[in-house]
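I have placed the structure first, in the form of structure tokens, so that the comments after it can refer back to it.
In this note's numbering, the protein residues as written are 331 to 460.
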């Protein structure tokens, strides 16, 4: 999906500092696992990233189903955007370092975490009102 087609307001909204929610499926069809996260969006690549500990429930749920369907959402008043796509857990040091730099640019430098991984979401659908 070419996220550049979403326009400048969309890209700007995803650069603003907002807390997001990440929704992942639970095994057995239970209610979705929804947690607050910091996220970044690479519009050109069509990829959103979330840094987290490899032991977190979200990382474990996604790792158990490589290519897991997820939804990443952020809201600011009447403006909102949801990114749907497939997620994978990345453990490569260069991928983690890149995601940490992107996170620091949007939020603040993340705390040290030797167990850090990156949840990489390949966006396939965009919903919203931006």
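Glycine included, every Cβ here is placed at the ideal spot set by N, Cα and C.
Should residue i and residue j be called a contact, given that it needs their Cβ atoms to be closer than 8 Å?
{"i": "residue 398", "j": "residue 354", "result": "yes"}
{"i": "residue 380", "j": "residue 387", "result": "no"}
{"i": "residue 426", "j": "residue 448", "result": "yes"}
{"i": "residue 352", "j": "residue 402", "result": "yes"}
{"i": "residue 374", "j": "residue 451", "result": "no"}
{"i": "residue 460", "j": "residue 416", "result": "no"}
{"i": "residue 389", "j": "residue 418", "result": "no"}
{"i": "residue 433", "j": "residue 423", "result": "no"}
Please list, in chain order, all residues of the same chain as residue i whose beta carbon is under 8 Å from its beta carbon, the five residues on each side excluded.
{"i": "residue 356", "result": "362, 363, 391"}
{"i": "residue 456", "result": "331, 333, 336, 340, 411, 412, 413, 414"}
{"i": "residue 406", "result": "343, 346, 348"}
{"i": "residue 383", "result": "389, 443, 445, 446, 447"}
Helix or strand or just coil, what does DSSP make of residue i?
{"i": "residue 481", "result": "Residue 481 lies beyond the stretch modelled for the chain, which goes from 331 to 460, so this question has no answer here."}
{"i": "residue 420", "result": "strand"}
{"i": "residue 352", "result": "strand"}
{"i": "residue 369", "result": "coil"}
{"i": "residue 359", "result": "helix"}
{"i": "residue 401", "result": "strand"}
{"i": "residue 332", "result": "coil"}
{"i": "residue 435", "result": "helix"}
{"i": "residue 309", "result": "Since the first residue shown for the chain is 331 and the last is 460, residue 309 is missing from the structure and cannot be characterised."}
{"i": "residue 375", "result": "coil"}
{"i": "residue 450", "result": "strand"}
{"i": "residue 346", "result": "coil"}
For residue i, does the count of other Cβ atoms within 10 angstroms reach 16, so buried, or fall short, so exposed?
{"i": "residue 345", "result": "exposed"}
{"i": "residue 442", "result": "exposed"}
Using C-beta distances below 7 Å, list every residue in its chain close to residue i, excluding the 5 sequence neighbours before and after it, in chain order.
{"i": "residue 437", "result": "347, 368"}
Quick one: residues in its chain with C-beta nearer than 6 Å to the C-beta of residue i, no 5 flanking neighbours on either side, listed in chain order?
{"i": "residue 429", "result": "379, 381, 448"}
{"i": "residue 371", "result": "344, 378"}
{"i": "residue 396", "result": "418"}
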